[in-house]
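Colleague: Submitted below is the structure of interest, expressed as structure tokens.
Protein chains: 2
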Amino acid sequence: MALSLTVLGSSSATPTASRYPSSFLLRSNKQKDYFLIDCGEGTQILLRRVGIRMQQISRIFISHLHGDHFFGLIGFLFTQSLLGRKEELHIYAHKPLQKIIRMQLKMDKSKMTYPIFFHPINARKKKEMPLYENDKISVTTFPLLHSIPTNGFLFREKGHSRLVSKEFIAQYRPTVKQILGIKEGNDFRTQNGVLLSNKSITELSSDLKTFAYCSDTAYTETILPFIHGVNLLYHEATFMQDMLSVAEEKYHSTAMQAATIAKLAQVDKLLIGHYSARYKDISPLLQEAQDVFPNTLAAFEGATFQI
Amino acid sequence: MALSLTVLGSSSATPTASRYPSSFLLRSNKQKDYFLIDCGEGTQILLRRVGIRMQQISRIFISHLHGDHFFGLIGFLFTQSLLGRKEELHIYAHKPLQKIIRMQLKMDKSKMTYPIFFHPINARKKKEMPLYENDKISVTTFPLLHSIPTNGFLFREKGHSRLVSKEFIAQYRPTVKQILGIKEGNDFRTQNGVLLSNKSITELSSDLKTFAYCSDTAYTETILPFIHGVNLLYHEATFMQDMLSVAEEKYHSTAMQAATIAKLAQVDKLLIGHYSARYKDISPLLQEAQDVFPNTLAAFEGATFQI
């Protein structure tokens, strides 16, 4: 199993000539539908550029209602209709977005070719809350610390966490039906009538991946319990540490702070992004983060990271 | 004097990996403020890419309220505020846009750093109507034929349309004040008391440029009186002639139709754009138009055309 994250926008609020506002595509090889996380202006163009069939996107998660995180949504919605989309689209966002989108859809006389469902995020809850779940993945949300209500997202692969032992299969040649039963937790009775416990003939699967998304947020250790030990943490790094006071004032983080959170949360890998337009070259931000947390990567448009 | 037009978006409603929705920048070397014509998604990014200081844009003209012509506006407005813009911004558009923009501005708690003025376009008037005028340029609007109320724009350079004759100056050595008076239309009395008529000592200036913008529109000869003889006509060419029935159904034009309009209106140059995403290569559209009207150019992102 595998999750991958494609960066569509690595810029903070003011885009540059080469960096777009926040937008990310999460894909799992376990399911054919994709998730979009934030949807800054230009998202649909970037999706075309990386060769994604937009109809495959089934769910969109918007972290908060600053424009650089959702101004690409309305264009995405209309383009889907122009392309004749039939598939349901689910949007998870804070409530006022629904009003804005509905108003714009209503104003346009053309009828959408597909159904759109809004799922409001309750920003008042100061704990992890479920947003969506199927048998392959679960999505939850947790509060970040920003100038307006802002939520992070946690994506956890699900499924059969036990693999049937190869030695057992070689020795006892179970049927496919039996194997599926064992994956579901069944024990196995040999032809000699010996009962082999499920635990003794399976192995823990260690390839269920987790991804946490934190944008935008000031440095806050309150998020540590939610993101602890994830395989990949995306954490904004708008500024470098020499601009700490500006970062604090604007409820954003520095690269060093993002790395500190990654270290404290004991994550496998950190991905930084949401860079201020003032940084033409982002390698100093990456270096600053790596000095604290070596396993740090830097987001850039079009890049795909395996989780 | 000179006008120039920079293409920021040459795509029709569905953008491609390389073509953005409609957006154009009009500049005059007579004034330091610029005009934006339509503002599709991604406009602010394209403006950065062509190196334009966005604060120099003083007026935005939106032809109609299909999303591919204005979804970049809200991002542009917020970015201007993030950059600390102080200069007034004037928006000319059909009335419902004001409601959409106001609602989104209101929802965001941050206060805009600059004043925005809305100027509604009255789409019911079936004639040329003034929108804006200063001593260097005038802007008028006229109706196009589309599925929703849609307006074209006509930009006319103004100024002293008569140049004082060099021979007259050499012979009679008028003062600067006298020259300015003659430019304003005064006659000139020689030291011998002879009255030289204004006409006899001035020449018609032929460098006042005109630009007409027609997007989106079905083929309609009703626009000919408005665009007659302009130096540059931008006319949409969404399809080729083999898709005439689709073009008609969607109230769009073919390249051949755009060229026919240019020919009938006796314009100097035609610029086509608003290409359907189905055309990876737009040279066949250009060829189709040039077969009817040889002086045709094709819009592409980042290109600047001298008018």
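Chains Z and Y, in that order, are what the protein sequence lines are. The opening position of the first sequence corresponds to residue 6 in our numbering, with each subsequent residue numbered one higher. The opening position of the second sequence corresponds to residue 6 in our numbering, with each subsequent residue numbered one higher. Just so it is clear, CB atoms sit at the ideal spot from N, CA and C, and this is done for glycine as well.
Is the Cβ of R90 (chain Y) closer than 7 Å to any Cβ of chain Z?
Modeller: Not closer than 7 Å to any Cβ of chain Z, the Cβ of R90 (chain Y) fails to qualify, so no.
Colleague: Are any of the Cβ atoms in chain Y nearer than 7 Å to that of F122 (chain Z)?
Modeller: no
Colleague: I want to see whether chain Y comes within less than 7 Å of G72 (chain Z), judged by CB atoms only; does it?
Modeller: yes
Colleague: For the region 19-28 of chain Y against the region 58-65 of chain Y, do three or more pairs of beta-carbon atoms, one drawn from each stretch, fall closer than 8 Å, so that the two count as touching?
Modeller: Look at the beta carbons and you see the region 19-28 of chain Y not touching the region 58-65 of chain Y: under three pairs across the two are nearer than 8 Å.
Colleague: Measure the CB-CB distance between E46 (chain Z) and E306 (chain Y) and report whether it falls below 7 Å.
Modeller: No; because the gap between Cβ atoms is not below 7 Å, this pair is not in contact.
Colleague: So within the region 159-194 of chain Y, which uninterrupted alpha helix (DSSP H) runs reach at least 4 residues, ignoring any that extend past its ends?
Modeller: 171-177, 181-188
Colleague: Residues in the same chain with beta-carbon distance under 8 Å from I153 (chain Z), minus the five sequence neighbours each way, listed in chain order, please.
Modeller: Once the five neighbours on either side are set aside, the close Cβ partners of I153 (chain Z) are H69, L70, H71.
Colleague: I'd like to know whether the C-beta of I57 (chain Z) is nearer than 7 Å to at least one C-beta of chain Y.
Modeller: no
Colleague: What's the C-alpha gap between T243 (chain Y) and T227 (chain Y)?
Modeller: Separation of T243 (chain Y) and T227 (chain Y) (C-alpha to C-alpha, rounded to the nearest whole angstrom) is 19 Å.
Colleague: According to DSSP, M134 (chain Z) sits in a beta bridge with which residue or residues?
Modeller: Per DSSP, Z:T146.
Colleague: For the alpha helix (DSSP H) that R53 (chain Y) lies in, which residues bound it at each end?
Modeller: 48-54
Colleague: Applying the criterion that 16 or more other CB atoms from any shown protein chain within 10 Å of the CB defines a buried residue, is V235 (chain Z) buried or exposed?
Modeller: Classification for V235 (chain Z): buried.
Colleague: Tell me the start and end of each unbroken alpha helix (DSSP H) in the region 69-128 of chain Z that is at least 4 residues and wholly inside, in chain order.
Modeller: 78-87, 101-112
Colleague: Quick check on S33 (chain Z): does DSSP put it in helix, strand or coil?
Modeller: The three-state secondary structure of S33 (chain Z), taken from DSSP, is strand.
Colleague: With 16 as the cutoff for other CB atoms within 10 Å, does A7 (chain Y) come out buried or exposed?
Modeller: It is exposed - the Cβ of A7 (chain Y) has fewer than 16 other Cβ atoms within 10 Å.
Colleague: Can you pull the chain Z residues whose beta carbon is under 7 Å from the beta carbon of I79 (chain Y), in chain order?
Modeller: G72, F76
Colleague: Since T118 (chain Y) contacts R90 (chain Y) with CB under 8 Å, what's their CB separation in whole angstroms?
Modeller: 6 Å
Colleague: DSSP on D353 (chain Y), reduced to helix/strand/coil?
Modeller: Residue 353 (chain Y) cannot be examined here, being either before or after the span of chain Y that is shown, 6 to 312.
Colleague: Select from the region 91-102 of chain Y all residues with a C-beta closer than 7 Å to any C-beta belonging to chain Z, and list them in chain order.
Modeller: P101
Colleague: Is any non-hydrogen atom of the ligand NAP found closer than 6 Å to the C-beta of D113 (chain Y), if you look at the structure I gave you?
Modeller: Among the ligands in the structure shown, none appear at all, so the ligand NAP cannot be discussed.
Colleague: From this set, Z:A223, Z:F216, Z:G278, Z:A260, which residue's C-alpha is nearest V272 (chain Z)'s C-alpha?
Modeller: Z:F216
Colleague: In whole angstroms, give me the CA-to-CA distance for H279 (chain Z) and K255 (chain Z).
Modeller: 13 Å
Colleague: Using beta carbons (cut-off 7 Å, strictly below), is G47 (chain Z) in contact with chain Y?
Modeller: yes
Colleague: Taking just the CA atoms, how far does N300 (chain Z) sit from S205 (chain Z)?
Modeller: 36 Å
Colleague: Measure from the C-beta of I50 (chain Y) to each C-beta in chain Z and report whether the shortest distance is under 7 Å.
Modeller: yes
Colleague: Could you pull out every residue in the same chain whose Cβ sits closer than 8 Å to the Cβ of N156 (chain Y), ignoring the five residues on either side in sequence?
Modeller: Result list for N156 (chain Y): S68, H69, H99, I126, A128, T146, F147, P148, L149, in chain order.
Colleague: Please classify Q292 (chain Z) as buried or exposed, where buried requires at least 16 other C-beta atoms within 10 Å of its C-beta.
Modeller: With fewer than 16 other Cβ atoms within 10 Å, it is exposed.
Colleague: Strictly under 7 Å for the Cβ-Cβ distance: is R2 (chain Y) near chain Z by that measure?
Modeller: No answer is possible for residue 2 (chain Y): it lies beyond the span of chain Y, which begins at 6 and ends at 312.
Colleague: Is the distance from the Cβ of L200 (chain Y) to the Cβ of D192 (chain Y) below 7 Å?
Modeller: yes
Colleague: Quick one: what does DSSP say F310 (chain Z) is sitting in, helix, strand or coil?
Modeller: strand
Colleague: Can you pull the chain Y residues whose beta carbon is under 8 Å from the beta carbon of A252 (chain Z), in chain order?
Modeller: Residues of chain Y passing the Cβ test: none, with the nearest at roughly 15 Å.
Colleague: Which of the residues in the region 299-310 of chain Z, read from start to end, lie with their CB under 9 Å from any CB of chain Y?
Modeller: From the region 299-310 of chain Z, no residue has a Cβ closer than 9 Å to chain Y.
Colleague: For L213 (chain Y), which three-state DSSP category applies?
Modeller: coil
Colleague: Anything in chain Y within Cβ reach of R161 (chain Z), meaning under 7 Å, just list it in chain order.
Modeller: Per Cβ cutoff of 7 Å: no residues; R161 (chain Z) is ~32 Å from chain Y at best.
Colleague: Where does I57 (chain Z) fall in DSSP's three states?
Modeller: coil
Colleague: Work out the CA separation of I312 (chain Z) and N34 (chain Z) for me, nearest whole Å.
Modeller: 11 Å
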